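Chemist: Quick one: this structure, given as structure tokens, is what I'll be asking you about.
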Ligand code: PA5
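Numbering (the working numbering), first residue to last: 1497 to 1844.
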């Protein structure tokens, strides 16, 4: 890892250096939501489901986490997210299973989808192509096709709105206001956090600088913030190519705070990021952060914006997307390729 925390200037970035694909994709997130929101609704088979299941891994699977967090306060049936090829025993007739795979070729998602077919669950697919799309077309499953030629994690706007729309439609919940508010907030953040923005005011650049040589540990204090913390972790792993960890309050208050106590020397490597979601936060998060921050390299707090759950999620997650790209640049690496994931998939 380089110790040089300097970042390329905005001119260099806009000339299209090697980060350009990922940075452009990050900047395009509000547009993804805009485009996804005007897709015609997909008709589902049943009027009533006893449970909703999202099946997906990594950058696609997180769309299920987002949908579950956003709908959980209103949805009367359980929503679970499955991130493996096996399905829980209750999945079958009466289930709606949304299989989300950007590439459409992920082994676990294909295996789980085939199992859901055998169990006669209703299936809908979110994908840009691959075997999953073939399977959907052959069997007449409803499909939301998302634009191709991107990294799965860079397509979160498309994937999350598609998955959320399918689940929301299945239980008769409107997400129109949620998407509208998310777009409004993301448009403003895209301007404030873009490379051309004044560096003294660009909180994503300054946080990326602080993270060089540290291990980021991201905490969320509410359900929505916990999903955003996971998105931060995954973006830091894949874009910045650094180890990063996440946890959520209140669970972290029942174990993790002990690991940081008693002068453990490892603490000095940890840069803590707290994703605050004050209206919805579990009480006690402040105390847990106070205990955890002792001896850590620092604690940075980021507050959600907006009222709706989707807007609050994206307002927290979006800053992490920018930080992860700027950290990659600070380390002198290309945020886009994820060679280790390719190696794993080729051996599955
Ligand atoms: O970000 C990535 O590339 C991964 O986390 C992928 O999303 C994951 O491997 C699953 O692939 P897919 O999203 O194509 O189903």
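For each residue, glycine too, the CB sits at the ideal point set by N, CA and C. Just so you know, these numbers come straight off a predicted model, no measurement behind them.
Determine whether the beta carbon atoms of residue 1682 and residue 1519 lie at a separation below 7 angstroms.
Modeler: By 1-based counting over the chain shown, the position of residue 1682 is 186. By 1-based counting over the chain shown, the position of residue 1519 is 23. Not in contact: residue 1682 and residue 1519 (Cβ atoms no closer than 7 angstroms).
Chemist: Between residue 1829 and residue 1710, is the Cβ-Cβ spacing less than 7 angstroms?
Modeler: Locating residue 1829 in the chain shown gives position 333, where the first residue counts as 1. Locating residue 1710 in the chain shown gives position 214, where the first residue counts as 1. Not a contact, by the Cβ cut-off of 7 angstroms.
Chemist: Please report the Cβ distance between residue 1805 and residue 1720, rounded to the nearest whole angstrom; I am assuming they are in contact, meaning their Cβ atoms lie under 8 angstroms.
Modeler: One-based indexing of the chain shown puts residue 1805 at position 309. One-based indexing of the chain shown puts residue 1720 at position 224. Between residue 1720 and residue 1805 the Cβ distance is about 5 angstroms, and since that is below 8 angstroms, they are a contact.
Chemist: Which term fits residue 1544, buried or exposed, when burial requires 16 or more other beta carbons within 10 angstroms of its beta carbon?
Modeler: Along the chain shown, read from residue 1 onward, the residue named residue 1544 stands at position 48. Counting of Cβ neighbours within 10 angstroms places residue 1544 among the exposed residues, the total staying below 16.
Chemist: Is the beta carbon of residue 1665 less than 7 angstroms from the beta carbon of residue 1537?
Modeler: As a position in the chain shown, residue 1665 is number 169, starting the count at 1. As a position in the chain shown, residue 1537 is number 41, starting the count at 1. In contact: residue 1665 and residue 1537 (Cβ atoms closer than 7 angstroms).
Chemist: Rounded to whole angstroms, what is the Cα-Cα separation between residue 1645 and residue 1729?
Modeler: Against the chain shown, residue 1645 aligns to sequence position 149. Against the chain shown, residue 1729 aligns to sequence position 233. Cα to Cα, the separation comes out at about 23 angstroms.
Chemist: Tell me which same chain residues have a C-beta within less than 6 angstroms of the C-beta of residue 1581, skipping the five on either side of it?
Modeler: Within the chain shown, residue 1581 is the residue found at index 85, counting from 1. Hits under 6 angstroms: 1604, 1607 and 1608.
Chemist: Can you list, in chain order, the residues of its chain whose CB lies under 7 angstroms from that of residue 1797, leaving out five sequence neighbours each side?
Modeler: What you label residue 1797 is simply residue 301 of the chain shown in a count that begins at 1. Excluding positions up to five away in sequence, the list reads 1770 and 1772.
Chemist: Is the Cβ-Cβ distance between residue 1793 and residue 1764 less than 7 angstroms?
Modeler: Reading the chain shown from its first residue, position 297 is the one you call residue 1793. Reading the chain shown from its first residue, position 268 is the one you call residue 1764. In this structure, residue 1764 lies closer than 7 angstroms to residue 1793 by Cβ.
Chemist: Can you tell me the Cα-Cα spacing of residue 1697 and residue 1554, whole angstroms?
Modeler: One-based indexing of the chain shown puts residue 1697 at position 201. One-based indexing of the chain shown puts residue 1554 at position 58. Approximately 32 angstroms between the Cα atoms of the pair.
Chemist: Using the Cβ count rule (16 or more neighbours within 10 Å means buried), how would you classify residue 1780?
Modeler: For the purposes of this step, residue 1780 is identified with residue 284 of the chain shown, where counting begins at 1. That one is exposed.
Chemist: So is the beta-carbon of residue 1837 under 6 angstroms away from any non-hydrogen atom of ligand 1?
Modeler: Here residue 1837 corresponds to residue number 341 of the chain shown, with the count starting at 1. Under cutoff, so the answer is yes.
Chemist: Is the beta carbon of residue 1803 within less than 6 angstroms of some heavy atom of ligand 1?
Modeler: Position 307 of the chain shown, counting from 1, holds the residue named residue 1803. No - ligand 1 has no heavy atom lying nearer than 6 angstroms to the Cβ of residue 1803.
Chemist: Answer yes or no: the CB of residue 1631 versus the heavy atoms of ligand 1, is any distance below 6 angstroms?
Modeler: The sequence position of residue 1631 within the chain shown is 135, counting from 1. No, Cβ of residue 1631 sits at least 6 angstroms from all heavy atoms of ligand 1.
Chemist: Assuming the contact rule is C-beta atoms closer than 8 angstroms, residue 1812 and residue 1800 should be a hit. Round their C-beta distance to whole Å, please.
Modeler: Here residue 1812 refers to the residue found at position 316 of the chain shown. Here residue 1800 refers to the residue found at position 304 of the chain shown. With a Cβ gap of about 5 angstroms, residue 1812 and residue 1800 count as contacting.
Chemist: Between the Cα of residue 1624 and the Cα atoms of 1618, 1601 and 1778, which residue gives the shortest distance?
Modeler: The residue given as residue 1624 occupies position 128 in the chain shown. The residue with the shortest Cα to Cα distance from residue 1624 is 1601.
Chemist: What I want to know is whether the C-beta of residue 1748 ends up closer than 6 angstroms to one or more non-hydrogen atoms of ligand 1.
Modeler: Your numbering for residue 1748 matches position 252 in the chain shown. Outside the cutoff, so no.
Chemist: At a cut-off of 6 angstroms, is residue 1648 close to ligand 1 when judged by its beta-carbon and the heavy atoms of the ligand?
Modeler: Against the chain shown, residue 1648 aligns to sequence position 152. Residue 1648: yes, Cβ under 6 angstroms from ligand 1.
Chemist: If you follow the beta strand (DSSP E) that residue 1715 is part of, which residue opens it and which one closes it?
Modeler: To locate residue 1715, count along the chain shown from 1; it is residue 219. Where residue 1715 is concerned, the enclosing beta strand (DSSP E) stretches over 1711 to 1716.
Chemist: Excluding five sequence neighbours on each side, which residues of the same chain lie with their C-beta closer than 6 angstroms to the C-beta of residue 1823?
Modeler: As a working note, residue 1823 is residue 327 in the chain shown. Hits under 6 angstroms: 1704, 1707 and 1736.
Chemist: Can you pull the DSSP bridge partners for residue 1773?
Modeler: Here residue 1773 corresponds to residue number 277 of the chain shown, with the count starting at 1. Paired residue(s): none; residue 1773 is not in a bridge.
Chemist: Excluding sequence positions up to five away, which residues of its chain have a Cβ less than 6 angstroms from the Cβ of residue 1732?
Modeler: As a position in the chain shown, residue 1732 is number 236, starting the count at 1. Cβ within range, chain order: 1712, 1738, 1740 and 1820.
Chemist: CB-CB under 7 angstroms to residue 1529, same chain, minus the five flanking residues each way: which ones, in chain order?
Modeler: Counted from its first residue, the chain shown places residue 1529 at position 33. Correct list, in chain order: 1653, 1657, 1675, 1678, 1679 and 1682.
Chemist: Decide if residue 1742 is buried, meaning its Cβ has at least 16 other Cβ atoms within 10 Å, or exposed.
Modeler: The residue you call residue 1742 lines up with position 246 of the chain shown. It counts as buried.
Chemist: Using the C-alpha atoms, what's the distance from residue 1636 back to residue 1700?
Modeler: As a working mapping, residue 1700 is identified with position 204 in the chain shown. As a working mapping, residue 1636 is identified with position 140 in the chain shown. Distance between the alpha carbons of residue 1700 and residue 1636: 44 angstroms.
Chemist: Taking the beta strand (DSSP E) that residue 1798 belongs to, which residues open and close that run?
Modeler: The residue labelled residue 1798 in the question sits at position 302 within the chain shown. 1794 to 1799 is the extent of the beta strand (DSSP E) around residue 1798.
Chemist: Go ahead and label residue 1844 buried or exposed: buried means 16 or more other beta carbons lie within 10 angstroms of its beta carbon, across all protein chains shown.
Modeler: Locating residue 1844 in the chain shown gives position 348, counting from the first residue. By the neighbour-count rule (16 or more Cβ atoms within 10 Å), residue 1844 is not buried but exposed.
Chemist: Beta-carbon within less than 6 angstroms of residue 1598's beta-carbon, same chain only, minus the 5 sequence neighbours each way: which residues are those?
Modeler: Here residue 1598 refers to the residue found at position 102 when the chain shown is read from its first residue. The answer, listed in chain order, is 1556, 1624, 1648 and 1651.
Chemist: With DSSP run on the structure shown, which of helix, strand or coil describes residue 1637?
Modeler: Here residue 1637 refers to the residue found at position 141 of the chain shown. If DSSP states are grouped into helix, strand and coil, residue 1637 belongs with coil.
Chemist: How is residue 1698 classed by DSSP in three states: helix, strand or coil?
Modeler: Taking the first residue of the chain shown as position 1, residue 1698 is located at position 202. If DSSP states are grouped into helix, strand and coil, residue 1698 belongs with coil.
Chemist: How would you call residue 1595, buried or exposed, if buried means at least 16 neighbouring beta carbons within 10 angstroms?
Modeler: Within the chain shown, the letter at position 99 stands for residue 1595. Per the 10 Å Cβ criterion, buried.
Chemist: Between residue 1840 and residue 1755, what straight-line distance do the alpha-carbon atoms span, to the nearest angstrom?
Modeler: Here residue 1840 is taken as the residue at index 344 of the chain shown, counted from 1. Here residue 1755 is taken as the residue at index 259 of the chain shown, counted from 1. Whole-angstrom Cα-Cα distance: 31 angstroms.
Chemist: Can you tell me the Cα-Cα spacing of residue 1617 and residue 1592, whole angstroms?
Modeler: Counting from 1 along the chain shown, the entry for residue 1617 is found at position 121. Counting from 1 along the chain shown, the entry for residue 1592 is found at position 96. The C-alpha of residue 1592 is placed about 6 angstroms away from the C-alpha of residue 1617.
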